[in-house]
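In what follows, a single structure is set out as structure tokens and then discussed.
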Amino acid sequence: MKSDRISARQFQADGSFAGRLQKLVREVVVPYQYGILNDSVSGAEKSHAVENIRLAARKNTGEDVPPEAFYGMIFQDSDVAKWIEAAAYTLIATGRDEALESEVDGIVDLYAASQHEDGYVNSYFTVKAPGREWTNLREAHELYCGGHMIEAAAAYYEATGKRKLLDVMCRFADCAYDEFMHRNTRGVPGHPEIELALMKLSRATGEKRYAALAKHFIDQRGQAPNYFVEEEKGRGWNVWQGSAELDTDYTQSTLPVREQKDAVGHAVRAVYLYTGMADVAKETGDETLLSACRALWESITRRRMYVTGGIGSTGIGEAFTVDYHLPNDTVYAETCASIGLMFFAKKMLENEHRGEYGDVMERAFYNTVLAGMQLDGTKFFYVNPLEVVPGISGVAVTHRDDLPERPGWYACACCPPNVARCVASLGVYAYSENETTLFADLFVGGTVETKKGLSLCCETQFPHGGAVKYTVSGAGEMTFAVRIPAWSKKAALNVNGEAVDLATAVKDGYAYLTRDWRDGDKVELSLDMAPRFVYADPKVAADSGKAAVQMGALVYCAEGADNGEVLPLSVDTSVPPQALPFDAALLGGVVPVEARGFRAEPAAALYSDEPPKQTPCAIRMIPYYAWANRGLHEMRVWLPAR
Ligand SMILES: [Zn+2]
């Protein structure tokens, strides 16, 4: 059964977990990132992103701006775009704000002034490489930056009704349409993103040509001869380095998308592409495309995904590698990739409501995506390791990307503003609806207004508690479908105190409640939050003989701040881990978990004939998303099991 995500305007978070995160994004993250993008935060990696756009605007009006004045990545514009989108969603989530809007409007004015007459807009090409537009689609990210700015424009229009950025991006999309539907009809983006953005723009404006261009890019990708190989031959310039043999897997262009079975290459590109594919499949009813999406979904979630919902096992190409290769210490698991996995999961839900999509979206969000941001909102992980040893992590040549602490910013800063926009728009991931049904895909405290005029208020301590209570306002017939997570071994559901038989109500992971709802009706869901050990398929060599701990959707880790050295620890899996009382003062409020286990005594030599002596001990664990907030420590998700 198909559905649409709700609009951000239909959801208002309360003061519980997600609402507090959205408040943090509004009060800390958005102002902090605005400062970074405007180079007014000292001590952090330089951005120059807004200045690049200002320079492009000056050059566009005839001023002499030297090419070397541009600073940063070729996709530096996209940091600004994601920030605008985050700001827009906070205006919806936490209320209009003149000061914030004038900051956004200021950037929009610069960006509009930097737009060429034909609609093209990109600060890198305007300042640094004029005349080379559209000639290096593999590396140059023009369509990627454009896609992000389209998403920003749609969000800002939704938040404020202001059309200026939307009009700019429609002109850009028209320019791209002319280029790729009429002139360079074989060209496709090196970094997918604009496909999903064009689908959004098409919905925001009602303009079908934008959806047609998205479909065109998806249909063209991977057709022989490979566009990127052909493009490379005649070009004569590269952003990074030329390569005699291009890795077409890196850009998911080895095969036409409908023939792709394995998730390969750069992980963020992959999931952004698959999201676009799933969106086009939904709009066109293309079953072949949807079945390719299902195969790629299975490739990721059955064989290539970490327990934390991280994807991309290596920093070499920021990429997927092969099935069951999931190292915990040299992992990549880029924050953006898990955000993209949420996008893909949500778009699959909109095609067909199956609980596994919601389960994975939840896994990615509550573990890797949230770990991407320090609890105070000012530092960010790009790479999300599941095992960290200070002195090795971030230091050894193989572990350079796997930092033990979050930096304040990055030269390549895709992740921090991506987390901000994701958290600020969480409501749209929490619910979907169609003519008959409201689906609860995530458990997020707050109120959702349905298009049918009913509203539901959700009260919950999730992810730290498993009670979820919905109260109906208004009256009318509707089906309310609530996800029953696969991790909940026991679940109980009742309506106005009367138990629902889950054996008959649940289909594909959702419990369907169809009735003539009355004002004040209550739906209560109780999920099994007992902490439990989880084990990986033995094909995952890195996790062989190990166990991890999960409570509800949260993956836990053992960190040095609670345990001293973590490497000598092993868990006793014959004793179930125990939840300790909720500790409001710990890490912003968490439920610590305690497992029984052993600590190996220090060894006298690198190798010895005697096994280390083991002393029984308690092992304190915290949610993975909250790690690295108390200084430099060892950390492990997977512990040796005894
Ligand atoms: Zn990123």
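The opening position of the sequence shown corresponds to residue 281 in this note's numbering, with each subsequent residue numbered one higher. Beta carbons are placed, not taken as given, at the ideal position from N, Cα and C, and that holds for glycine.
Inspect the CB distances between the stretch 605-619 and the stretch 533-552 and report whether three or more fall short of 8 Å. yes
Should N698 be listed as close to ligand 1, given that the test is whether its C-beta is under 7 Å from any heavy atom? Translated into the one-based positions of the sequence shown, residue 698 becomes position 418. Yes, ligand 1 has a heavy atom inside 7 Å of this Cβ.
Check whether the Cβ of A613 lies closer than 8 Å to any Cβ atom in chain D. Reference to chain D is not applicable here, since this structure consists of a single protein chain.
Should I596 be labelled buried (16 or more other beta-carbon atoms within 10 Å of its own) or exposed? Within the sequence shown, residue 596 is the residue found at index 316, counting from 1. Under this definition I596 is an exposed residue.
Report the rounded CA-to-CA distance for F600 versus S593, giving the unit in angstroms. Here residue 600 corresponds to residue number 320 of the sequence shown, with the count starting at 1. Here residue 593 corresponds to residue number 313 of the sequence shown, with the count starting at 1. One C-alpha to the other measures close to 5 Å.
Tell me the DSSP secondary structure of F742 in three-state form. By 1-based counting over the sequence shown, the position of residue 742 is 462. Three-state DSSP puts F742 in coil, outside helix and strand.
Identity of the residues DSSP links to G756 by a beta bridge: As a first step, residue 756 must be located in the sequence shown, where it is residue number 476. Beta-bridge pairing links G756 to W797.
For Q830, the first and last residue of its enclosing beta strand (DSSP E): Residue mapping note: residue 830 aligns to position 550 of the sequence shown, counting from 1. From DSSP, the beta strand (DSSP E) with Q830 extends over K826 to M831.
Suppose the cutoff is 8 Å on Cβ atoms and the five residues either side in sequence are ignored; what does the same chain contact list for M479 look like? Reading the sequence shown from its first residue, position 199 is the one you call residue 479. Hits under 8 Å: Y490, A491, A494, G556, D559, V560 and E563.
Considering Cα atoms alone, identify which of L317, D721, S327 and P696 is closest to L706. Position 426 of the sequence shown, counted from the first residue, corresponds to residue 706. For L706, the nearest C-alpha among the options comes from D721.
Using 8 Å as the threshold, is the C-beta distance between Q711 and I372 below it? By 1-based counting over the sequence shown, the position of residue 711 is 431. By 1-based counting over the sequence shown, the position of residue 372 is 92. Note on residue identity: the sequence assigns Tyr, not Gln, to residue 711. For Y711 and I372, no; Cβs fall outside 8 Å.
Using three-state DSSP, classify Y552 as helix, strand or coil. Locating residue 552 in the sequence shown gives position 272, counting from the first residue. If DSSP states are grouped into helix, strand and coil, Y552 belongs with the helices.
Are the beta-carbon atoms of Q356 and Y400 separated by less than 8 Å? For the purposes of this step, residue 356 is taken as the residue at position 76 of the sequence shown. For the purposes of this step, residue 400 is taken as the residue at position 120 of the sequence shown. For Q356 and Y400, no; Cβs fall outside 8 Å.
Less than 7 Å between the CB of V548 and some heavy atom of ligand 1, yes or no? Looking up residue 548 in the sequence shown gives position 268. Because some heavy atom of ligand 1 lies under 7 Å away, the Cβ of V548 counts as near it: yes.
L335 and A349 - do their beta-carbons sit closer together than 8 Å? As a first step, residue 349 is located in the sequence shown; it is residue number 69 there, counting from the start. As a first step, residue 335 is located in the sequence shown; it is residue number 55 there, counting from the start. The answer is yes: Cβ separation under 8 Å.
Pair every Cβ in the stretch 539-547 with every Cβ in the stretch 508-517, then say whether three or more of these pairs are closer than 8 Å. no
Say whether the stretch 563-582 touches the stretch 788-805, bearing in mind that this needs 3 or more beta-carbon pairs closer than 8 Å, one atom from each stretch. no
Please say whether F460 and G426 have beta carbons closer to each other than 8 Å? Here the question's residue 426 lines up with position 146 in the sequence shown. Here the question's residue 460 lines up with position 180 in the sequence shown. Cβ atoms of G426 and F460: not closer than 8 Å.
Given a cut-off of 8 Å on the beta-carbon distance, is the pair A859 and V871 in contact? Here residue 859 is taken as the residue at index 579 of the sequence shown, counted from 1. Here residue 871 is taken as the residue at index 591 of the sequence shown, counted from 1. Yes, they are a contact pair.
Candidates E487, G754 and R418: closest to L446 by CA position: Taking the first residue of the sequence shown as position 1, residue 446 is located at position 166. Among E487, G754 and R418, the Cα nearest to that of L446 is on E487.
Go ahead and pull the three-state DSSP assignment for L847. Sequence index remark: in the sequence shown, residue 847 carries index 567 (1-based). Three-state DSSP puts L847 in coil, outside helix and strand.
Complete alpha helix (DSSP H) runs within the stretch 291-374 (minimum length 4 residues, chain order): 297-304, 310-317, 329-340 and 356-374
Just verifying my parser: in three-state terms, what is the DSSP assignment at T415? Residue 415 sits at position 135 when you count from the first residue of the sequence shown. Looking at T415 - three-state DSSP - the assignment turns out to be coil, as it is neither helix nor strand.
By alpha-carbon positions, which one of R300, P410 and S394 ends up nearest to K374? Translated into positions along the sequence shown, residue 374 becomes position 94. Residue 374 is actually Thr in this sequence, not Lys. If we check each option's Cα against that of T374, R300 comes out closest.
When the Cα of P950 is compared with those of E419, N464 and D454, which residue comes out closest? This structure gives no information on residue 950, because the portion of the chain shown stretches from 281 to 922.
Should Y369 be labelled buried (16 or more other beta-carbon atoms within 10 Å of its own) or exposed? One-based indexing of the sequence shown puts residue 369 at position 89. So Y369 counts as buried.
By Cβ distance, which residues of its chain are closer than 6 Å to V846, with the 5 residues on each side in sequence left out? Here residue 846 refers to the residue found at position 566 of the sequence shown. Taken in chain order, the residues that qualify are A838, G840, E914 and R916.
Beta-carbon separation of R643 and A833 under 8 Å? Sequence index remark: in the sequence shown, residue 643 carries index 363 (1-based). Sequence index remark: in the sequence shown, residue 833 carries index 553 (1-based). Contact flag set, yes.
Hey, how far is the Cα of L734 from the Cα of E713? Position 454 of the sequence shown, counted from the start, is the residue given in the question as residue 734. Position 433 of the sequence shown, counted from the start, is the residue given in the question as residue 713. Roughly 12 Å between the two C-alpha positions.
Mind checking whether V611 and A828 have CB atoms under 8 Å apart? Sequence index remark: in the sequence shown, residue 611 carries index 331 (1-based). Sequence index remark: in the sequence shown, residue 828 carries index 548 (1-based). No, Cβ-Cβ distance for V611 and A828 is not below 8 Å.
I need the DSSP call for L773, collapsed to helix, strand or coil. Along the sequence shown, read from residue 1 onward, the residue named residue 773 stands at position 493. L773 falls in the strand class under three-state DSSP.
Inter-residue Cα distance where the pair is V345 and S327: Walking along the sequence shown from the start, residue 345 turns up at place 65. Walking along the sequence shown from the start, residue 327 turns up at place 47. If you take the alpha carbons of V345 and S327, they lie about 19 Å apart.
Taking the beta strand (DSSP E) that M901 falls in, what are its first and last residues? Here residue 901 refers to the residue found at position 621 when the sequence shown is read from its first residue. Here the beta strand (DSSP E) through M901 covers Q894 to P903.
Using three-state DSSP, classify G545 as helix, strand or coil. Counted from its first residue, the sequence shown places residue 545 at position 265. G545: coil per DSSP, three-state reduction.
Just tell me which of E307, A432 and P607 has its CA closest to the CA of W363. Looking up residue 363 in the sequence shown gives position 83. Closest option to W363, Cα to Cα, is A432.
Tell me, please, whether the stretch 656-672 touches the stretch 627-644 by the rule of three or more beta-carbon pairs shorter than 8 Å. no
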